[in-house]
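Residue numbers (UniProt numbering): 1 to 208. The block underneath contains the structure these notes are about, expressed in structure tokens.
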Amino acid sequence: MSSKPILQLNSCLVRAYNEGDVESLAKAANNPRIARWMSNAFPQPYTVQDAKKWISIANTPSPVRDFAICRLDGSAVIGGIGLKARDDINYRTMEIGYWICEDYWHQGIATEVVTAFSNWAFDNFKQLLRLEAIVFEGNPASGHVLIKSGFQFESRQRAAVEKLGRVMDTLTYTKFAMGNGRILTKKHAEPRCREIGTIPRMAFVKLM
1 MSSKPILQLN SCLVRAYNEG DVESLAKAAN NPRIARWMSN AFPQPYTVQD AKKWISIANT
61 PSPVRDFAIC RLDGSAVIGG IGLKARDDIN YRTMEIGYWI CEDYWHQGIA TEVVTAFSNW
121 AFDNFKQLLR LEAIVFEGNP ASGHVLIKSG FQFESRQRAA VEKLGRVMDT LTYTKFAMGN
181 GRILTKKHAE PRCREIGTIP RMAFVKLM
């Protein structure tokens, strides 16, 4: 598989994983300070075998939806970013997820990547209207990245996950595609209610 970058940014590049990424991926991802904010599909410790398995999984779908964040010369993986597709009536929504090696925190890399990658997703998945990101409570840095990347805080899900024996809320952030010359925001997509007596009448907005 070609590793030609899909994004060439000021601080890094984003490309498909390849077999040569095994060592640098395992090194970058093997950190409990990263894993604590990820789902259990992100192992800890993160071994070379885990890296091999993930690279195989990431490169299986067509089109590929999970990518390596690399140094500008493309020589080493310093993070990952990807999309989780939804189906049925939710097929126009995708979930975005990402992580950055601790050595590269607080350098603006995550914000640059999430901004560019979310725009890339809307350009390349024409059915996509809504991107959402799920953040564990207690991880404000990730929320700040999303806000700076054009996402908006949408909702809190109470006691939604358990990680490392702790039950936590999750926070949902969303970003919407362009439609009919405007950004489709929450106020455009929500149903409107008009009271008639005690029974609300719902007028749903059709999204073209």
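We treat Cβ as the ideally placed atom computed from N, Cα and C, and that holds for glycine. Bear in mind the structure is a predicted one, so any value in this text is a computation, not a measurement.
When the options are compared against residue i, the one with the closest alpha-carbon
{"i": "residue 51", "options": "62, 64, 79", "result": "79"}
{"i": "residue 117", "options": "3, 60, 97, 106", "result": "97"}
{"i": "residue 3", "options": "107, 163, 70", "result": "70"}
{"i": "residue 33", "options": "164, 21, 176", "result": "164"}
{"i": "residue 17", "options": "11, 156, 27, 5", "result": "5"}
{"i": "residue 73", "options": "174, 9, 145, 152", "result": "9"}
{"i": "residue 104", "options": "7, 28, 19, 20", "result": "28"}
{"i": "residue 108", "options": "178, 68, 177, 144", "result": "144"}
{"i": "residue 101", "options": "153, 68, 128", "result": "68"}
{"i": "residue 85", "options": "125, 99, 53, 7", "result": "125"}
{"i": "residue 53", "options": "39, 26, 62, 178", "result": "26"}
{"i": "residue 39", "options": "178, 99, 106", "result": "99"}
{"i": "residue 178", "options": "140, 123, 139", "result": "123"}
Assigned secondary structure, residue i (DSSP; H/G/I helix, E/B strand, else coil)
{"i": "residue 146", "result": "helix"}
{"i": "residue 249", "result": "Any question about residue 249 goes unanswered here, given that the chain covers just 1 to 208."}
{"i": "residue 182", "result": "With a pLDDT of 40 at residue 182, under the threshold of 50, the modelled position of this residue cannot be trusted; read the value that follows with caution. Looking at residue 182 - three-state DSSP - the assignment turns out to be strand."}
{"i": "residue 25", "result": "helix"}
{"i": "residue 35", "result": "helix"}
{"i": "residue 141", "result": "helix"}
{"i": "residue 7", "result": "strand"}
Proximity of residue i and residue j at Cβ, strictly below 8 Å
{"i": "residue 149", "j": "residue 115", "result": "yes"}
{"i": "residue 170", "j": "residue 132", "result": "no"}
{"i": "residue 30", "j": "residue 46", "result": "yes"}
{"i": "residue 24", "j": "residue 64", "result": "no"}
{"i": "residue 161", "j": "residue 136", "result": "yes"}
{"i": "residue 155", "j": "residue 37", "result": "no"}
{"i": "residue 14", "j": "residue 81", "result": "yes"}
{"i": "residue 121", "j": "residue 83", "result": "yes"}
{"i": "residue 91", "j": "residue 127", "result": "yes"}
{"i": "residue 175", "j": "residue 153", "result": "no"}
Sequence-distant residues of the same chain with beta carbon closer than 8 Å to residue i, five excluded per side
{"i": "residue 158", "result": "169"}
{"i": "residue 181", "result": "Only weak support exists for where residue 181 lies, its pLDDT of 38 falling under 50; the value from the coordinates is given anyway. Once the five neighbours on either side are set aside, residue 181 has no close Cβ partner at all."}
{"i": "residue 95", "result": "83, 84, 86, 131, 132, 133, 134"}
Residues of its chain near residue i, where Cβ-Cβ distance is below 6 Å and the 5 sequence neighbours each way are ignored
{"i": "residue 35", "result": "42, 44"}
{"i": "residue 146", "result": "133, 173"}
{"i": "residue 66", "result": "58, 82"}
Contacts around residue i, its chain only, beta-carbon distance under 7 Å, and the 5 residues preceding and following it disregarded
{"i": "residue 19", "result": "55"}
{"i": "residue 12", "result": "69, 70, 71, 72, 78, 109, 113"}
{"i": "residue 130", "result": "92, 93, 174, 176"}
Query raised in the report: Mind pulling the beta strand (DSSP E) runs of 3 or more residues that sit fully within the region 56-137?
Result: You should have 66-70, 77-85, 93-100, 130-136.
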